[in-house]
Amino acid sequence: MLKLGTFLLALGSASATFSYLWDGILCPPVCPEGFFGFETKCYVIPRITQTWGDAYEFCRTFDSNILRVETTKEQTFLESVLHDHEGNDFWIGATDLSYEGDWRWATTNGPVVSKWWMHREPDNRINREGHRQHCAVLSDRVGYKWSDDDCLQHFHFICERHIV
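Per mature numbering (1 follows the signal peptide of the UniProt record, and there is no 0): the sequence shown = residues -16 to -1, 1 to 148.
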């Protein structure tokens, strides 16, 4: 006899309950070692900083992609997880490198439709080095809402993959 249930993940102050239905059987999701899960995705937050392009490539070496936020639930979950990482900004996979102001997800080339930008962002401001801002970060300045920044800056980042 199989007992059905849910799987509870606790990470710092954040927790998520989720389960999978497979062939009529409720199964806990499986994330690779070092990843944590929420709904249909697994995430890992490497303990290094990279430029946006290097973060994109780093994620690919782990058979994953740089983060693409798809739902309000996912954004809220990530905000709660990142609360334990105060003082750090995190690259996500949104960029307007191809065409100024046309924000796209690097992994799908789909349009970025977001209500999570900080007030007056993205602003494409020129930084001290004279570079424009073409890559998106979850910014610690206002509870991990989105901001654009210079893609050559070194920030932490989040990789994601689908639960197996």
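Every residue gets a Cβ at the ideal spot worked out from N, C-alpha and C, and that includes glycine.
Rounded straight-line distance, which links the Cα of residue j to that of residue i
{"i": "G37", "j": "E23", "result": "27 Å"}
{"i": "H140", "j": "R112", "result": "20 Å"}
{"i": "H69", "j": "T60", "result": "15 Å"}
{"i": "I142", "j": "E17", "result": "15 Å"}
{"i": "E41", "j": "Q34", "result": "10 Å"}
{"i": "Q137", "j": "I110", "result": "13 Å"}
Same chain, Cβ closer than 6 Å to residue i, neighbours up to 5 away in sequence not counted
{"i": "D86", "result": "D80"}
{"i": "V53", "result": "Q59"}
Cβ shell of residue i (< 8 Å), same chain only, five flanking positions each side left out
{"i": "C119", "result": "W36, W75, A78, T79, L81, D132, D133, D134 and C135"}
{"i": "R88", "result": "A78, T79, D80, S82, G94, P95 and V96"}
{"i": "G71", "result": "D124"}
{"i": "K25", "result": "E58, E144, R145, H146 and I147"}
{"i": "T91", "result": "N49, I50, R52 and G77"}
Beta-carbon proximity list for residue i, same chain, < 7 Å, skipping 5 on both sides
{"i": "L66", "result": "F74, L122 and Y128"}
{"i": "E63", "result": "G127 and Y128"}
{"i": "V148", "result": "V14"}
{"i": "T56", "result": "none"}
Bridge-paired residues (DSSP) for residue i
{"i": "S131", "result": "V121"}
{"i": "P95", "result": "R88"}
{"i": "W101", "result": "W130"}
{"i": "E144", "result": "Y27 and N49"}
{"i": "Q34", "result": "F139"}
Interface flag, residue i vs chain C, CB-CB below 7 Å
{"i": "D80", "result": "The displayed structure is made up of one protein chain only, and chain C is not part of it."}
For a minimum of 4 consecutive residues, which ranges assigned as the alpha helix (DSSP H) are wholly contained in the stretch 38 to 90? Listed in chain order, they are 56 to 66.
At a cut of 8 Å, does the stretch 122 to 137 reach the stretch 17 to 32 through at least three beta carbon pairs? Output reads no: the stretch 17 to 32 does not touch the stretch 122 to 137.
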